[in-house]
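A short worksheet on the structure shown next.
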Amino acid sequence: MKLKLYAHPFSSYCQKALIALYENSTPFEFRLLAHDDPQIMAEFAELWPIRRFPVLVDGERTVTEASIIIEYLGLHYPGPVALVPADARAALDVRSMDRFFDNYISTPQQKIVFDSLRSEAERDARGVTEARAMLDTAYAWLDKTMAAREWAAGDTFSLADCAAAPALFYADWSHAIDPAFAHVRAYRERLLARPSFARAVDEARPYRPLFPLGAPDRD
Ligand SMILES: N[C@@H](CCC(=O)N[C@@H](CS)C(=O)NCC(=O)O)C(=O)O
């Protein structure tokens, strides 16, 4: 039975899972989450009442959370690119960087975006200021960390890079990475050149007008 991914091409966490699928050319059915398709939205809500995407369905099994989807694919549908190292110590480094990108890049970046969708009266100015400060701190730490690395956890492309690619892509749109952080900017460029992520970015291009802060005229 074919894997099904409930996802949207413009979503950063969906792109994270898509990179893993594309890295290994894993066949799957893209179940596009579209609000004008009540059938698919109902299926999705039934599968995962938390309603955060992506969600992977493998027969009777529902797998949630992008990191866990990638771990699941590695266990059940392995391909030539191992995104989580078999060595437990190396895997810890990868998972640690994966958490960094989700918690300290994606979370504050989403805070900025979601706040912009609120009415003026409901905005959380302090929360947004804190989110921007977190991004500056995270960029600074990452810049030092990436000075001697090609990929997030070292020499090999991994789960952590799947997390990093869309996280840094959108974070730079929402809160620009200062040119002083040259290693972070160079890493973001390397991620954009990776064919799996380049494909995800291309597939999401038609949706750029949806970016609430206004998408810049660049990747
Ligand atoms: N922790 C989840 C986060 C997923 C997530 O936040 N997805 C966003 C799209 S990028 C979403 O579902 N947004 C819908 C909403 O917030 O209502 C994961 O790692 O997969």
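According to UniProt numbering, the sequence shown holds residues 1 to 219 in order. Using N, Cα and C, we set each Cβ at its ideal position, and we do this for glycine too. If you're wondering where the values come from, they're calculated on a predicted model, not measured in any experiment.
Spatial neighbours of residue i in its chain, beta-carbon cut-off 8 Å, leaving aside the 5 residues before and after
i      : result
Leu192 : Ala165, Phe169, Ala198, Val201 and Asp219
Pro179 : Arg185
Ile70  : Lys16, Ala17, Ala20, Leu83, Val84, Leu159 and Cys162
Arg118 : Asp124
Thr156 : Pro85
Supposed contact pair residue j and residue i - C-beta distance, whole angstroms, cut 8 Å
i      : j      : result
Val63  : Tyr72  : 5 Å
Ala91  : Leu135 : That belief does not hold up - the Cβ atoms of Ala91 and Leu135 are roughly 27 Å apart, past 8 Å.
Ala45  : Ser106 : The pair is not a contact, with the Cβ atoms about 23 Å apart (cut-off 8 Å).
Phe181 : Tyr207 : The Cβ separation is near 27 Å, so there is no contact.
Ala88  : Tyr13  : Incorrect: roughly 25 Å between the Cβ atoms, too far for contact.
Residue closest to residue i, alpha-carbon to alpha-carbon, out of the options
i      : options                          : result
Ala7   : Ala186, Trp48 and Gly59          : Trp48
Lys4   : Ser12, Phe10 and Ile40           : Ile40
Glu203 : Lys2, Met1 and Gln15             : Gln15
Trp173 : Ala148, Pro216 and Ala147        : Pro216
Glu130 : Leu210, Ala121 and Gln109        : Gln109
Pro27  : Val57, Ser12 and Ser119          : Val57
Arg149 : Arg190, Arg51, Arg126 and Glu120 : Arg190
Phe10  : Thr137, Leu33, Val128 and Tyr104 : Leu33
DSSP bridge partner residues for residue i (one or two, in chain order)
i      : result
Arg61  : Asp58
Leu32  : Ala7
Gly154 : Trp151
6 Å CB neighbourhood of residue i in its chain, flanking five on each side removed
i           : result
His183      : Asp143, Met146 and Ala147
residue 239 : The chain is shown from 1 up to 219; residue 239 falls before or after that span and cannot be answered.
Ser116      : Pro212 and Leu213
Close Cβ partners of residue i (< 7 Å) along its chain, the five nearest in sequence each way excluded
i     : result
Val94 : Val84, Pro85, Ala153, Ser158, Leu159 and Ala160
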